[in-house]
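Read in order, the letters of the sequence shown correspond to residues 827 to 1164 in my numbering. Report on one structure; see the data block that follows.
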Amino acid sequence: MSETTEAAVAAPVSPGRAKFLRFLVRDAGVLLALVLITLFFSATAPYFATSGNALKIFVQIAINTVLAAGMTFVILTGGIDLSVGSVLALCTVVGATVMINESLSPAVAITLALLACMATGAVCGFLNGWISTRWKIPSFIVTLGMLNMAAGAARVVSDNSTITGLPQSFVDFGNLIIGGFLPSIFLVAVLVIAAGWFVLRFTVFGRMIFAVGTNDEAVRLSGHNPDFYKIAAFTISGLTAGIAAMVYLLRLNIGSPIAGVGYELNAIAAVIIGGTSLSGGKGSIIGTLVGACILQVLSTGLQLLGVGDNFKPIVIGLVIVLAVILDAYRERLLRKIR
827 MSETTEAAVA APVSPGRAKF LRFLVRDAGV LLALVLITLF FSATAPYFAT SGNALKIFVQ
887 IAINTVLAAG MTFVILTGGI DLSVGSVLAL CTVVGATVMI NESLSPAVAI TLALLACMAT
947 GAVCGFLNGW ISTRWKIPSF IVTLGMLNMA AGAARVVSDN STITGLPQSF VDFGNLIIGG
1007 FLPSIFLVAV LVIAAGWFVL RFTVFGRMIF AVGTNDEAVR LSGHNPDFYK IAAFTISGLT
1067 AGIAAMVYLL RLNIGSPIAG VGYELNAIAA VIIGGTSLSG GKGSIIGTLV GACILQVLST
1127 GLQLLGVGDN FKPIVIGLVI VLAVILDAYR ERLLRKIR
């Protein structure tokens, strides 16, 4: 009897069943958590299950989703980027400064502002990756330094003041609701997520990002340079910070040197809650989108329940710690399935 039981336990899982189990453990669990949290607040929080509140959540989630999309690339390589919030602030004042230039037509000003934001963010990200890989300094330290440098540069560029007076056509696009339910800025976030998903899922570059996070020495022995992919990941993170800055300008219509304070922590939290491992090599950008949704649904639901601003960070912090603990158990279960 015992031999039969041991044989049953040791029996290999069929490939089809193993793939399905991996999907349930790695991807579906996060989505199920979002559904359960949404159902809970729909039943307990007044006005949560309304179209107006859903629209509010879509608007509020856009910036963090774009930042978290780029952060996913960095964490997949085993790094961390603490500078994205300050880089966003720098990009907002750069973009706003370009857009209020009266010598430029609105269309030209908006286009140049977008390019300036993306270029500024990409340069900051490139420097993070290059310094980290060139001198083998932990990315935590390098990006912490960039956090302070970008914050100071934002104050210098803006003369420590907010920048207003953006083109009306730009403001109108930021207020646009497509189809009566989809804010334009959330559509931008979805497009960024879709682009990131395509790159990670269907390109050689995306597969190498996962490989570097799993074992960069194996990547080196296979004839590839892991430092290139690490620098590219940080550059992408900076680039998305520039795009997030444009989303910030669309939403709030001001360039501010103090924009983005704490945004880096929210982006990292969205990636972790979405199932991407802090050790690198495992994760999904779709999971990052779900993680960002969970954060915002939690914040909005707790607010509607009357939970004070002093207690909301405690609850969200507990959720992040729980996500890290579950990640450890998820990895053990995935190894058993394999």
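We treat Cβ as the ideally placed atom computed from N, Cα and C, and that holds for glycine.
Opening and closing residue of the alpha helix (DSSP H) in which residue i lies
| i | result |
| --- | --- |
| Leu959 | Before going further, note that residue 959 is Thr rather than Leu in the sequence given. Thr959 -> alpha helix (DSSP H) spans 932-960. |
| Leu916 | 910-925 |
| Asp1135 | Run containing Asp1135: none; DSSP gives neither H nor E here. |
| Asp1167 | In the structure as shown, the chain starts at 827 and stops at 1164, and residue 1167 therefore has no counterpart that could be examined. |
| Glu1090 | 1089-1099 |
| Phe899 | 877-902 |
| Asn974 | 965-984 |
| Leu860 | 855-870 |
Beta-carbon contacts of residue i that lie in its chain and below 6 Å, excluding the five residues immediately before and after
| i | result |
| --- | --- |
| Ala894 | Ala1093, Ala1096, Val1097, Thr1114, Ala1118 |
| Pro932 | Pro993, Ser995 |
| Leu973 | Leu908, Ser909, Ser912 |
| Leu938 | Val924 |
| Gly951 | Phe1060, Thr1061, Ser1063, Gly1064 |
Under the three-state DSSP convention, the category residue i falls into
| i | result |
| --- | --- |
| Pro993 | coil |
| Gly1005 | coil |
| Gly1022 | helix |
| Gly1049 | coil |
| Gly1081 | strand |
| Leu1013 | helix |
| Lys1108 | coil |
| Phe1028 | helix |
Burial state of residue i (16 or more Cβ within 10 Å)
| i | result |
| --- | --- |
| Phe866 | exposed |
| Asn879 | buried |
| Gly1032 | buried |
| Ser958 | buried |
| Phe1007 | exposed |
| Thr1029 | exposed |
Sequence-distant residues of its chain with Cβ nearer than 7 Å to residue i (five each side left out)
| i | result |
| --- | --- |
| Thr864 | Val1123 |
| Leu1128 | Lys1138, Val1141 |
| Val920 | Ala942, Cys943, Thr946, Val983 |
| Ala979 | Leu916 |
Own chain residues within Cβ distance below 8 Å of residue i, not counting five before or after
| i | result |
| --- | --- |
| Asp1153 | Ile1098, Gly1101, Ser1103, Leu1104 |
Practice task
Indicate whether the contact test is met: 3 or more Cβ pairs, each with one atom in the segment 877-892 and one in the segment 1131-1142, closer than 8 Å.
Solution key: no
Exercise for the section: Flag this pair as touching only if the segment 961-972 and the segment 1069-1076 have three or more C-beta atom pairs under 8 Å; answer yes or no. Expected result: no
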